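Shown next, in structure tokens, is the structure this report addresses.
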Amino acid sequence: MRVLWLCNIMLPFIAKSLGQKIVIKEGWLSGLASKLMTNQERNDVTLAICFPESESRMFVKGDTALFVKDKAQGIDYYIFREDTAHPENYDAGMEESLGAVIRDFGPDIIHIFGTEYPHTLACVKAFRRPARTLVGIQGLCSSIAEVYMADLPYSVQKKKTFRDMLKKDGLFDQQAKFAKRGTYEKEALSLVGHVTGRTDFDREMTKVYAPDAKYHFMNETLRTDFYNGEWKIDQIERHSIFLSQGNYPIKGLHYVLDILPELVEEFEETVVYVAGDVITANDSIKDKIKLSGYGKFLLDRIRKSRMQDHVRFVGRLQADKMCARYLKAHVFLCPSAIENSPNSVGEAMLLGVPVVAANVGGVHNLVNDGKDGFLYPKDKPKRMKDSILRIFEDDKLALSLSSNARTHALRTHDPDTNYRRLLDIYHEINHCI
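Numbering-wise (our numbering), the sequence shown opens with residue 2 and increments by one.
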């Protein structure tokens, strides 16, 4: 059985073979790929991987071929062109490129990871075999667009910095881009025969956007580093809170800033650590020019409330440093306005970090409220604050949440179970034609 993966990024083992920087996103794919690569003969699966690169990248620059093909660790991989900086634009030329990849590899099944980029629709159109097309739902652009502003005041929504005007990328522009991506996403889902998901949220969305597709339940396997560490309350930074990112409104950092002064009033050493892009950077002229409207809003909010010493942006972290940052946290916080099944919550639970999360999308399928974490209504910041304070104030409670979360997550994200489930889905699709 020949299986072609379509991924949004260059996987780390391929990046390493090319001497390129490893992309942090979607790191969980590496563990799954490793298992498939190791057991190809035993499980009758021949894997190939394709992914996009911008025209400016060295791998495709000046090359007129429809794709670039090579091998890494014995696995064929294909690189095709896509304007990755502008995923709101659909390039029909990708259909020709992906069609050429498909003809070259000859897959029995194409497994597409995510619906967020237009290459998903291009691949579905190029393959034209719904019964052998499997799409895994990660996030959903159409749902993101609906709640993109995440309760920001209208005055903030409409305000643009020099950077926003230059790039035509203010908050309304960003929302419109997600909505445009959502139209490609909906069309792609309407044309596939199989969908994988793991939450009530993505199951319901499948019914809406892919009513004729078969829904396959499959949990995700997370990055290897997060199966090894374990949270210890005597090794944490007391009253520290960790967010895995906060670079655009739906991630909800502004909700946290609303309640941070009250947390500091209770525990003056409270610090919020935020990973990901540092969108509030303003030390240099270049930083100031690049400051987005949302970044400026956050920066102004932090300064106005005099919380500069209580918010620290740590930048993008590789898996080992990300893991270390989790383990130092007293609480992991996911204040998003929308999520499906955030891997950041899974990673925190796997390590045993006490979790507080907004009860949105499919988060409730990951966290049992009150048992292995706390959920709160996203529009109730006081409930968020109270949940954090309960953990800060009660070590016995924190240890109970930690133990229960780790047990739950080890079951949900068990690599062997999830790998066997993936094989079952592949064989079911392959044998039912």
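We put the beta carbon where it would ideally sit given N, CA and C, even for glycine.
Here the structure is a predicted model, which is why all the values come from computation and not from measurement.
### Query
At which residues does the alpha helix (DSSP H) containing His-255 begin and terminate?
As a first step, residue 255 is located in the sequence shown; it is residue number 254 there, counting from the start. Note, His-255: alpha helix (DSSP H), 254-267.
### Query
Helix, strand or coil: how does DSSP classify Ser-241 here?
Residue 241 sits at position 240 when you count from the first residue of the sequence shown. Three-state result, Ser-241: strand.
#### Entry: Thr-408 burial status per 10 Å Cβ neighbour count (16 or more: buried)
As a working mapping, residue 408 is identified with position 407 in the sequence shown. Exposed, since its Cβ has fewer than 16 Cβ neighbours within 10 Å.
### Query
In three-state DSSP terms, what is Ile-280?
Translated into positions along the sequence shown, residue 280 becomes position 279. Under the three-state reduction of DSSP output, Ile-280 falls in the coil class, being neither helix nor strand.
### Task
With a 10 Å radius around its C-beta and 16 neighbouring C-beta atoms as the bar for buried, classify His-432 as buried or exposed.
Counting from 1 along the sequence shown, the entry for residue 432 is found at position 431. So His-432 ends up on the exposed side.
### Task
Determine the contact status of Phe-81 and Pro-53, defining contact as a CB-CB distance below 9 Å.
As a working note, residue 81 is residue 80 in the sequence shown. As a working note, residue 53 is residue 52 in the sequence shown. Cβ distance < 9 Å, so Phe-81 and Pro-53 count as in contact.
### Query
What's the C-alpha gap between Thr-200 and Glu-117?
Counting from one through the sequence shown, the residue named residue 200 turns up at place 199. Counting from one through the sequence shown, the residue named residue 117 turns up at place 116. Approximately 18 Å, taken between the alpha carbons.
### Task
Measure how close the beta-carbons of Leu-48 and Val-4 come, nearest whole angstrom, since I'm counting them as under 8 Å.
As a first step, residue 48 is located in the sequence shown; it is residue number 47 there, counting from the start. As a first step, residue 4 is located in the sequence shown; it is residue number 3 there, counting from the start. Distance from Leu-48 to Val-4 at the Cβ level is roughly 6 Å; contact confirmed, criterion being Cβ atoms closer than 8 Å.
### Query
Considering only the beta carbon of each residue, do Ser-144 and Gly-371 sit closer than 9 Å?
Looking up residue 144 in the sequence shown gives position 143. Looking up residue 371 in the sequence shown gives position 370. Between Ser-144 and Gly-371, the C-beta spacing is not below 9 Å.
### Query
Is Lys-287 buried or exposed, if buried means 16 or more other CB atoms sit within 10 Å of its CB?
Residue 287 sits at position 286 when you count from the first residue of the sequence shown. The residue is exposed, with fewer than 16 neighbouring Cβ atoms inside 10 Å.
### Enclosing beta strand (DSSP E) for Lys-159 [first to last residue]
Working through the sequence shown from its first residue, we reach residue 159 at position 158. Careful: Lys-159 lies outside any beta strand (DSSP E), inside the alpha helix (DSSP H) at 155-159.
### Close Cβ partners of Arg-204 (< 7 Å) along its chain, the five nearest in sequence each way excluded
Locating residue 204 in the sequence shown gives position 203, where the first residue counts as 1. Cβ neighbours of Arg-204 beyond the five flanking positions: Gly-198 and Tyr-216.
### Query
Quick one: any contact between the region 329-346 and the region 310-319, if contact means 3 or more CB pairs under 8 Å?
Flag = no, the region 329-346 and the region 310-319 do not touch.
### Query
Whose C-beta lies closer than 6 Å to the C-beta of Ala-180 among residues of the same chain, with five residues either side of it excluded?
Your numbering for residue 180 matches position 179 in the sequence shown. Within the same chain, and ignoring the five residues on either side of Ala-180 in sequence, the residues whose Cβ sits closer than 6 Å to its Cβ are Ala-146.
### Query
Do Cys-142 and Gly-183 have their C-beta atoms closer together than 9 Å?
Counting from one through the sequence shown, the residue named residue 142 turns up at place 141. Counting from one through the sequence shown, the residue named residue 183 turns up at place 182. Yes, Cβ-Cβ distance for Cys-142 and Gly-183 is below 9 Å.
### Message
Just to confirm the assignment: which complete alpha helix (DSSP H) runs, minimum length 4, are found wholly within the region 95-123?
### Response
Runs of alpha helix (DSSP H) with 4 or more residues, each lying fully within the region 95-123, are absent.
### Task
Closer than 7 Å by C-beta to Leu-400: which residues in its own chain qualify, once you throw out the five before and the five after it? Chain order, please.
Within the sequence shown, numbered from 1, the residue matching residue 400 stands at position 399. Take Leu-400, set aside five residues on each side of it, and the residues of its chain with a beta-carbon closer than 7 Å to its own are Ile-234, in chain order.
### Task
Report the three-state DSSP secondary structure of Lys-70 (helix, strand or coil).
Start at 1 with the first residue of the sequence shown, and residue 70 comes out as number 69. In the structure shown, the three-state DSSP call for Lys-70 is strand.
### Query
In its own chain, which residues sit with a C-beta less than 8 Å from the C-beta of Met-385, not counting the 5 before and 5 after it?
Residue numbering aside, residue 385 sits at position 384 when the sequence shown is read from its first letter. Answer for Met-385: Tyr-256, Val-257, Ile-260, Leu-334, Pro-336, Val-357, Ala-359 and Tyr-377, listed in chain order.
### Query
Hey, would you say Glu-97 sits closer than 9 Å to Leu-67, going by beta carbons?
As a position in the sequence shown, residue 97 is number 96, starting the count at 1. As a position in the sequence shown, residue 67 is number 66, starting the count at 1. Yes.
#### Entry: Gln-158 versus Arg-164, Thr-271, Asp-174 and Glu-340, residue with shortest Cα-Cα distance
Looking up residue 158 in the sequence shown gives position 157. It is Asp-174 whose Cα lies nearest to the Cα of Gln-158.
### Task
Along the beta strand (DSSP E) that carries Leu-400, what are the first and last residues, could you check?
If you number the sequence shown from 1, residue 400 lands on position 399. First-last for Leu-400: 396-413, but that is the alpha helix (DSSP H), not the beta strand (DSSP E).
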